[in-house]
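Residue numbers (full-length UniProt numbering): 1 to 280. Note that beta-carbon positions come from the ideal geometry of N, C-alpha and C, so glycine has one too. Values in this document were obtained by computation on a predicted structure and should not be read as measured data. One structure below.
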């Protein structure tokens, strides 16, 4: 049998009724793709329960799955153990009885320049610190504590209301270090007075440490304290008849200005957030 006869036995085209098909790369023989319907956009007001729990700052998503399976999470009063369960932002979600907020917690550290106020609104043309971190987050961040417009240095912003309350409690005694520049040299006897405690408005202000700045004029001083009283550093030196020319907060609750130029901000690292979370 000739080669042509063999080819006739195996009809080369399906269109001729045969079963044998040659491979073809022609566009016309390409398989027809089924049209897929576009997926509807996801509802921004609905999210998986593990994400809801993780965003609240309790734990990671992986750990949230463990707590969910163990029955630690309730939605509108009912324990939920189903993996992949979805909740609405309006639902009441609790972890071991504690109400959760699904907004992702964010923490931003700013090295504040001079002449910016910490009030949330621009009053009488004054520049606000909020304008300096406007691109840091889509969430509304609030400043932790206060700082007058002439003071520079570290300011913390967050949407974590619970942490803000903890950090601003006087009993927590957050460590703060300031670099102070005076209008004249600080006398040795006044340095001792500050160490022993200065009485301001019938209340003694205690500092943890105060010393001259190494390799700097005697009008430059470093002071460490935990007091939360308003403008307390300026008031300490004014009580001794000195004028504070420059005041810069260089350490706040273990956070430093390292690699953070004036006017710039950065997000806290996970470890820094953990350290702040340990403050009760």
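Among the bridge pairs identified by DSSP, residue 248 is matched with 152 and 179. Nearest in C-alpha terms to residue 245, of all of 237, 252 and 251, is 237.
Distance check between residue 167 and each of 45, 55, 278 and 87 places 278 closest, using alpha-carbon atoms only. By the neighbour-count definition (other C-beta atoms within 10 Å, threshold 16), residue 112 is a buried residue. DSSP places residue 198 inside the beta strand (DSSP E), whose first and last residues are 198-200. A contact is defined here as three or more CB-CB pairs under 8 Å, and the stretch 42-59 meets this definition with respect to the stretch 83-91. In terms of Cα proximity to residue 248, the closest of 195, 160, 205 and 148 is 148.
Every beta strand (DSSP E) stretch that sits fully inside the stretch 82-108 and reaches 3 residues is listed by chain position as 86-88 and 93-95. Residue pairing of residue 112 in beta bridges, as defined by DSSP: 153.
Boundaries of the beta strand (DSSP E) around residue 266: 265-267.
By the neighbour-count definition (other C-beta atoms within 10 Å, threshold 16), residue 60 is an exposed residue. No Cβ-Cβ contact shorter than 9 Å links residue 251 with residue 272. By the criterion of a C-beta distance shorter than 7 Å, residue 143 is surrounded in its chain by 118, 129, 155 and 157, once the five residues flanking it on both sides are discounted. Nearest Cα to residue 146 within the set 110, 134, 140 and 136: 110. Contact between residue 226 and residue 208 holds: their C-beta atoms lie close to 7 Å from each other, under 8 Å.
Looking at the DSSP output, residue 79 sits in a beta bridge with 74.
Within the DSSP bridge table, the entry for residue 127 names 116 as partners. Counting along the chain, the unbroken beta strand (DSSP E) around residue 225 starts and ends at 220-225. Counting only residues of its own chain and dropping the five nearest sequence neighbours on each side, residue 74 has a CB closer than 6 Å to the CB of 94.
Per DSSP, reduced to three states, the secondary structure at residue 256 is strand. When the Cα atoms are used, residue 262 and residue 114 turn out to be separated by approximately 9 Å. Inter-residue distance for residue 56 and residue 48 is about 13 Å (C-alpha atoms, whole angstroms).
Burial check for residue 84: the Cβ neighbour count within 10 Å stays below 16, so the residue is exposed. Per the DSSP secondary-structure output, residue 158 pairs in a beta bridge with 107 and 142.
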